[in-house]
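Q: After the structure tokens below, expect a handful of questions from me.
2 protein chains.
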Amino acid sequence: MESPNEERTGACRRVWRWLKSFPEKLWQKIVEFAWRLVKLGKEDPRRIVHSIKVGLTITLVSIFYYFEPVYDGLGDCAMWAVLTVIVVFEFSVGATLGRGLNRMLATLVAGALGVGAHRIATQLGGIGEPIVISVFVVLIAAIVTFMRFLPKMKARYDYGLMMFILTFCLISVSSYRDDDTIHLALKRLTTIIVGSCASVIMCICVWPVWIGVDLHNQIATNLEMLGSFLEGYADEYFKVSDEDGNSIDKSFLEGYKSVLTSKPSEENMANLARWEPRHGRFRYRHPWKQYLKVGTLARQCGYKVEALHGYLLSEMQTPLEVRNRLMEPCTMISKESSKALKELASTIRKMTKSSVPDLHVANSKAAAENLKSVLKSDWSKDVDLFEIIPGAAVASVLMEIATCTQQIAEAVLELESLANFKRPKPRVTPEDHLQVIQHGINGPHDHVITIDESSPTSGRNENSSTITR
Amino acid sequence: MESPNEERTGACRRVWRWLKSFPEKLWQKIVEFAWRLVKLGKEDPRRIVHSIKVGLTITLVSIFYYFEPVYDGLGDCAMWAVLTVIVVFEFSVGATLGRGLNRMLATLVAGALGVGAHRIATQLGGIGEPIVISVFVVLIAAIVTFMRFLPKMKARYDYGLMMFILTFCLISVSSYRDDDTIHLALKRLTTIIVGSCASVIMCICVWPVWIGVDLHNQIATNLEMLGSFLEGYADEYFKVSDEDGNSIDKSFLEGYKSVLTSKPSEENMANLARWEPRHGRFRYRHPWKQYLKVGTLARQCGYKVEALHGYLLSEMQTPLEVRNRLMEPCTMISKESSKALKELASTIRKMTKSSVPDLHVANSKAAAENLKSVLKSDWSKDVDLFEIIPGAAVASVLMEIATCTQQIAEAVLELESLANFKRPKPRVTPEDHLQVIQHGINGPHDHVITIDESSPTSGRNENSSTITR
Numbered sequence: 001m002e003s004p005n006e007e008r009t010g011a012c013r014r015v016w017r018w019l020k021s022f023p024e025k026l027w028q029k030i031v032e033f034a035w036r037l038v039k040l041g042k043e044d045p046r047r048i049v050h051s052i053k054v055g056l057t058i059t060l061v062s063i064f065y066y067f068e069p070v071y072d073g074l075g076d077c078a079m080w081a082v083l084t085v086i087v088v089f090e091f092s093v094g095a096t097l098g099r100g101l102n103r104m105l106a107t108l109v110a111g112a113l114g115v116g117a118h119r120i121a122t123q124l125g126g127i128g129e130p131i132v133i134s135v136f137v138v139l140i141a142a143i144v145t146f147m148r149f150l151p152k153m154k155a156r157y158d159y160g161l162m163m164f165i166l167t168f169c170l171i172s173v174s175s176y177r178d179d180d181t182i183h184l185a186l187k188r189l190t191t192i193i194v195g196s197c198a199s200v201i202m203c204i205c206v207w208p209v210w211i212g213v214d215l216h217n218q219i220a221t222n223l224e225m226l227g228s229f230l231e232g233y234a235d236e237y238f239k240v241s242d243e244d245g246n247s248i249d250k251s252f253l254e255g256y257k258s259v260l261t262s263k264p265s266e267e268n269m270a271n272l273a274r275w276e277p278r279h280g281r282f283r284y285r286h287p288w289k290q291y292l293k294v295g296t297l298a299r300q301c302g303y304k305v306e307a308l309h310g311y312l313l314s315e316m317q318t319p320l321e322v323r324n325r326l327m328e329p330c331t332m333i334s335k336e337s338s339k340a341l342k343e344l345a346s347t348i349r350k351m352t353k354s355s356v357p358d359l360h361v362a363n364s365k366a367a368a369e370n371l372k373s374v375l376k377s378d379w380s381k382d383v384d385l386f387e388i389i390p391g392a393a394v395a396s397v398l399m400e401i402a403t404c405t406q407q408i409a410e411a412v413l414e415l416e417s418l419a420n421f422k423r424p425k426p427r428v429t430p431e432d433h434l435q436v437i438q439h440g441i442n443g444p445h446d447h448v449i450t451i452d453e454s455s456p457t458s459g460r461n462e463n464s465s466t467i468t469r
Numbered sequence: 001m002e003s004p005n006e007e008r009t010g011a012c013r014r015v016w017r018w019l020k021s022f023p024e025k026l027w028q029k030i031v032e033f034a035w036r037l038v039k040l041g042k043e044d045p046r047r048i049v050h051s052i053k054v055g056l057t058i059t060l061v062s063i064f065y066y067f068e069p070v071y072d073g074l075g076d077c078a079m080w081a082v083l084t085v086i087v088v089f090e091f092s093v094g095a096t097l098g099r100g101l102n103r104m105l106a107t108l109v110a111g112a113l114g115v116g117a118h119r120i121a122t123q124l125g126g127i128g129e130p131i132v133i134s135v136f137v138v139l140i141a142a143i144v145t146f147m148r149f150l151p152k153m154k155a156r157y158d159y160g161l162m163m164f165i166l167t168f169c170l171i172s173v174s175s176y177r178d179d180d181t182i183h184l185a186l187k188r189l190t191t192i193i194v195g196s197c198a199s200v201i202m203c204i205c206v207w208p209v210w211i212g213v214d215l216h217n218q219i220a221t222n223l224e225m226l227g228s229f230l231e232g233y234a235d236e237y238f239k240v241s242d243e244d245g246n247s248i249d250k251s252f253l254e255g256y257k258s259v260l261t262s263k264p265s266e267e268n269m270a271n272l273a274r275w276e277p278r279h280g281r282f283r284y285r286h287p288w289k290q291y292l293k294v295g296t297l298a299r300q301c302g303y304k305v306e307a308l309h310g311y312l313l314s315e316m317q318t319p320l321e322v323r324n325r326l327m328e329p330c331t332m333i334s335k336e337s338s339k340a341l342k343e344l345a346s347t348i349r350k351m352t353k354s355s356v357p358d359l360h361v362a363n364s365k366a367a368a369e370n371l372k373s374v375l376k377s378d379w380s381k382d383v384d385l386f387e388i389i390p391g392a393a394v395a396s397v398l399m400e401i402a403t404c405t406q407q408i409a410e411a412v413l414e415l416e417s418l419a420n421f422k423r424p425k426p427r428v429t430p431e432d433h434l435q436v437i438q439h440g441i442n443g444p445h446d447h448v449i450t451i452d453e454s455s456p457t458s459g460r461n462e463n464s465s466t467i468t469r
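Sequence lines, in order, name chains R and L. Per UniProt numbering, the very first residue in the first sequence carries number 1; after that it's consecutive. Per UniProt numbering, the very first residue in the second sequence carries number 1; after that it's consecutive.
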């Protein structure tokens with residue numbers, strides 16, 4: 001047993017040790033945090049640019065405040081321009097434009113209404129004035145707050161409705177102390193227009209981040225993720241139980257997971273993209289809805305891929321005989337669907353029409369037919385049903401994926417025409433087609449190498465005549 | 001051919017007709033909009049209450065502005081209290097508290113920093129002052145804007161970081177015109193505390209909406225949706241191709257779709273719920289993460305349910321013989337998993353421990369074993385593999401669902417202990433258990449009817465000893 005004295009010394013030592021190690025621990029935390037910030041910047045350098053843009057715009061607008069003539073005109077209200085930049089400037093052009101327009105329009109309408117409310121209230125004068133204004137405020141605030149729950153309003157005008165309440169309250173309530181409400185409303189409108197325009201101009205002119213492009217790329221990435229999974233899946237499924245190859249990188253088997261839950265982010269992006277003006281090859285009314293359609297089909301394909309993934313981990317193993325017979329057609333479907341999806345992704349990314357995906361879709365459909373006939377053929381009678389199930393289930397899901405890929409290809413085709421994708425320089429000859437169909441299992445780049453530049457033109461329609469779409 | 005005169009008259013008529021019908025069309029639009037609002041209120045009357053609460057709080061706080069003594073102390077800054085209410089008051093307590101605390105803390109820290117920046121700048125004086133302040137503003141705004149990209153920061157402190165930039169700029173920039181920065185910072189802090197506290201108090205005291213309760217209910221609803229699907233699925237699958245019964249209501253087959261994309265909304269709710277104080281049976285540190293875990297497992301089950309749904313629409317039909325042999329065990333798994341999920345949902349909803357789900361989980365596991373042996377048994381040799389596939393695939397997915405249900409039950413059990421669910425008055429006797437296991441296909445309410453209130457106590461542990469968990 002320690003004496004009380006020794007105990008106290010022990011406690012002191014612990015406290016002392018903690019205090020001694022505290023600066024070191026704090027330093028570690030700071031270093032860790034800094035590293036996380038560095039990583040964040042490396043992941044997407046546009047974030048750094050955005051931060052600098054925000055800082056500069058705020059400073060630029062705050063210069064108004066320092067200039068005597070501007071300050072004499074606007075007074076303390078000049079600060080609103082600075083505050084507007086802070087709340088309006090978002091990462092993407094779409095979001096900034098959406099907030100800016102919402103803020104300006106809401107200020108205009110609410111300012112006018114506020115002035116009107118003040119006029120009505122002053123007719124009464126005395127104690128009646130604040131009462132009438134309070135009644136107006138309760139009514140307007142409650143109704144507009146309720147309107148914010150409407151899904152359509154929430155998606156596009158949520159910020160505007162909040163700004164509407166804010167400006168209305170600001171103008172009508174402060175009219176009690178300052179009779180010159182029109183002047184106040186105008187000053188507020190001017191400063192907010194200055195702040196919003198500064199943000200929008202800075203956002204568009206200096207290294208702009210178009211949310212429409214991000215949506216465009218995300219849809220392509222999602223298709224690529226599904227393609228990557230399917231590319232490696234068949235090898236993984238038909239080999240893994242023979243030999244255990246856990247050492248190789250299998251990250252491609254997990255990439256598709258983000259596709260499954262991408263719905264809300266895609267919808268949000270499409271909502272914001274609608275605010276964006278024409279940029280690059282994206283028009284003002286670019287068919288964003290069609291992107292959502294492709295996204296939805298990709299997710300449905302993702303659910304099937306999730307089922308396939310489940311069979312990788314499943315305990316039930318298919319007997320070797322069954323595996324061997326299923327392997328070829330299954331691999332073919334998987335690889336061809338993968339190529340089709342990757343080509344579709346590249347079609348979207350490059351915004352060029354391409355007939356290559358159709359070939360792979362046709363190949364994968366053909367492989368599905370082949371698989372059907374393999375399954376319909378005679379099987380040795382001593383195979384029991386239970387053992388066949390996992391393999392059969394994988395085969396069945398793969399057949400569905402072939403159908404799903406075709407649907408995605410159709411949606412992308414629709415997107416191509418809606419978004420006016422360019423027709424590329426003709427590069428694939430009918431001979432190449434035949435080759436691809438015959439050696440469908442090879443990579444998509446094989447026939448790119450065998451391209452005959454001098455070959456006669458072969459448009460999409462002639463090429464895809466073999467494909468039912 | 002019409003003469004130009006007749007043409008003009010025709011055009012005039014069309015314009016006149018349009019003008020005549022315009023008020024009617026406008027009225028239609030207004031009525032439609034009003035109906036949509038009424039529907040919105042009926043769906044969730046808490047929305048109406050929230051809107052009225054917001055309106056009243058704004059008016060209450062604006063009364064400060066009308067009172068001479070308060071106005072004399074705060075001046076125009078009193079308006080900030082009103083604006084704070086508008087931007088802080090959210091639908092749920094969690095969101096309001098989160099925004100309120102973020103706003104107050106950010107104002108405190110940024111106000112102090114702003115005053116400090118002003119002190120440093122005034123040391124230089126003259127043209128140096130705005131330059132030093134501008135440098136500070138660029139630096140602080142850029143760094144804090146960049147920090148907003150950190151996922152952890154974004155989830156909980158996004159609004160606070162924005163408010164930090166806002167207050168810092170407000171204080172430091174306006175210090176150029178008004179040397180009494182400390183006074184300004186204090187006024188801002190005071191008004192923001194008043195506005196935030198008014199919002200939080202109103203939000204908590206008058207018919208509060210706890211986002212934690214919403215999350216709690218949503219997780220339960222998700223399990224119910226999956227349960228409803230599985231309840232009707234087997235009947236639907238094994239009957240639909242025999243007779244075409246499209247006339248009955250099949251909405252239960254679609255309800256689960258919302259489960260698939262619920263991830264972001266659940267995560268958001270969990271983030272907001274962490275701000276909420278103790279309320280009802282929810283503690284301050286309620287295990288919200290465990291809800292997310294149950295939600296993730298429910299989604300995984302949802303993906304399998306999506307696969308099952310696919311087989312309903314699939315063209316390939318299993319031959320009658322196969323169907324008949326698979327029907328019983330498949331129906332059993334489906335119904336028992338359904339009951340287990342629904343009982344788990346009710347366990348969560350009522351926050352009471354229950355051993356009933358375990359029974360159904362055990363039953364569904366037993367049925368899965370039964371299905372396995374049916375599949376392993378001899379099948380007539382003239383059944384071809386291709387025809388068996390859809391049925392076999394459904395069987396295989398159902399077996400996975402049995403496993404998945406067990407995992408969900410385990411996660412809910414963990415939740416029960418983490419969230420201190422109550423132990424209910426003992427209601428199920430070991431005899432009842434036996435009965436449930438024997439007549440597992442009957443509804444969960446059967447043994448509720450046979451409850452023997454006078455039966456000896458039987459805790460969860462003894463009951464669930466037969467179940468592997």
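For each residue, glycine too, the CB sits at the ideal point set by N, CA and C.
Among the residues of its own chain, which have a CB less than 6 Å from the CB of R:Leu260, if the five just before and after it don't count?
A: Within the same chain, R:Leu260 has close Cβ partners Gly302.
Q: Would a C-beta distance cut-off of 8 Å place R:Leu150 and L:Arg46 closer than the cut-off?
A: The answer is no: Cβ separation not under 8 Å.
Q: When Cβ atoms are compared, which residues of the region 272-299 of chain R fall closer than 9 Å to chain L?
A: For the region 272-299 of chain R, which is checked against every Cβ of chain L, the residues closer than 9 Å are Arg299.
Q: Just the Cα atoms here: how many angstroms apart are L:Pro208 and L:His50?
A: Each residue's Cα considered, the two are about 9 Å apart.
Q: Which residues of the region 49-61 of chain L have a Cβ closer than 8 Å to any Cβ of chain R? Give them in chain order.
A: Of all residues in the region 49-61 of chain L, His50, Ser51, Ile52, Val54, Gly55, Leu56, Ile58, Thr59 have a Cβ within less than 8 Å of some Cβ in chain R.
Q: Nearest by alpha-carbon distance to L:Ile408: which of L:Ala106, L:Ser338, L:Val200, L:Asp76 is it?
A: Of L:Ala106, L:Ser338, L:Val200, L:Asp76, the residue nearest in Cα terms is L:Ser338.
Q: Please work out which residues of its chain come closer than 8 Å, Cβ to Cβ, to L:Val109, disregarding the five sequence neighbours upstream and downstream, and give them in chain order.
A: Once the five neighbours on either side are set aside, the close Cβ partners of L:Val109 are Phe164.
Q: Restricting to runs no shorter than 4 residues, where is the alpha helix (DSSP H) found entirely within the region 136-178 of chain R?
A: Listed in chain order, the complete alpha helix (DSSP H) runs (minimum 4 residues) inside the region 136-178 of chain R are 151-174.
Q: Counting only runs that start and end within the region 207-276 of chain L, where is the alpha helix (DSSP H) found for 4 or more residues in a row?
A: Those alpha helix (DSSP H) runs which fall completely within the region 207-276 of chain L and span 4+ residues are 211-240, 257-260, 263-273.
Q: According to a CB-to-CB cut-off of less than 8 Å, which residues of the region 166-180 of chain L neighbour chain R?
A: Under the 8 Å Cβ criterion, the region 166-180 of chain L contributes Leu166, Cys169, Leu170, Val173, Ser174, Tyr176, Arg177.
Q: Answer with yes or no whether the minimum CB distance from L:Tyr71 to chain R is below 8 Å.
A: L:Tyr71 counts as touching chain R.
Q: Helix or strand or just coil, what does DSSP make of L:His279?
A: Three-state result, L:His279: strand.
Q: Is L:Val82 close to chain R? Criterion is C-beta to C-beta, closer than 8 Å.
A: Yes, contact with chain R.
Q: Using alpha carbons as the reference points, say which of R:Gly128, R:Ala106, R:Thr167 lies closest to L:Ile86.
A: Here the closest residue by C-alpha is R:Thr167.
Q: Tell me which residues share the same chain as R:Lys200 and place their Cβ nearer than 7 Å to its Cβ, disregarding the 5 neighbours each side in the sequence.
A: According to the sequence provided, residue 200 of chain R is Val. The question's Lys does not apply to it. Correct list, in chain order: Thr96, Leu97, Gly100.
Q: Counting C-beta neighbours from all protein chains within 10 Å, is the total for L:Cys330 16 or more, i.e. buried, or is it exposed?
A: Its Cβ being crowded by 16 or more others within 10 Å, L:Cys330 is buried.
Q: Check the Cβ of L:Gly128 against every Cβ in chain R and list those closer than 8 Å, keeping chain order.
A: None at all; the shortest Cβ gap to chain R is about 12 Å.
Q: Taking DSSP as the reference, what is the three-state secondary structure of R:Thr347?
A: Helix, per DSSP.
Q: Name the two residues that bound the continuous alpha helix (DSSP H) containing R:Phe64.
A: First-last of the alpha helix (DSSP H) with R:Phe64: 46-66.
Q: Kindly indicate the opening and closing residues of the alpha helix (DSSP H) around R:Thr107.
A: R:Thr107 -> alpha helix (DSSP H) spans 93-124.
Q: Taking CB distances under 8 Å as the criterion, tell me whether R:Arg119 reaches chain L.
A: Not one chain L Cβ lies under 8 Å of R:Arg119.
Q: Helix, strand or coil for L:Lys422, going by three-state DSSP, please let me know.
A: Strand at L:Lys422.
Q: Check whether the region 51-64 of chain L touches the region 141-158 of chain R, counting contact only when three or more Cβ pairs, one atom from each stretch, lie closer than 8 Å.
A: Result yes; three or more Cβ-Cβ pairs closer than 8 Å.
Q: In whole angstroms, what separates the C-alpha of L:Glu224 from that of L:Thr403?
A: Going from the Cα of L:Glu224 to the Cα of L:Thr403 covers about 17 Å.
Q: For the region 206-235 of chain R, which residues have a CB atom closer than 9 Å to at least one CB atom of chain L, in sequence order?
A: Flagged: no residues at all.
Q: Is L:Tyr66 close to chain R, meaning its C-beta is less than 8 Å from at least one C-beta of that chain?
A: Interface residue, yes.
Q: Would a check of beta-carbon distances place L:Pro45 closer than 8 Å to chain R?
A: No, L:Pro45 does not count as interfacial toward chain R.
Q: Provide the residue span of the alpha helix (DSSP H) that contains R:Asp358, from first to last.
A: Note, R:Asp358: alpha helix (DSSP H), 356-376.
Q: So, is R:Tyr284 buried or exposed, given that buried needs 16 or more other C-beta atoms within 10 angstroms?
A: With fewer than 16 Cβ atoms within 10 Å of its Cβ, R:Tyr284 is classed as exposed.
Q: Please report the residue range of the alpha helix (DSSP H) in which R:Lys353 lies.
A: From DSSP, R:Lys353 is part of no alpha helix (DSSP H); its letter is neither H nor E.
Q: Taking 8 Å as the cut-off, decide whether the C-beta atoms of R:Ser134 and L:Ser62 are in contact.
A: Closer than 8 Å, so yes.
Q: Looking at the secondary structure, which residues open and close the alpha helix (DSSP H) in which L:Gly310 lies?
A: Taken as a continuous stretch (DSSP letters only), the alpha helix (DSSP H) holding L:Gly310 covers 288-313.
Q: Which residues, taken in chain order from the region 22-40 of chain R, show a beta carbon closer than 8 Å to some beta carbon of chain L?
A: Listed by position, the residues of the region 22-40 of chain R near chain L (Cβ gap below 8 Å) are Arg36, Leu37, Leu40.
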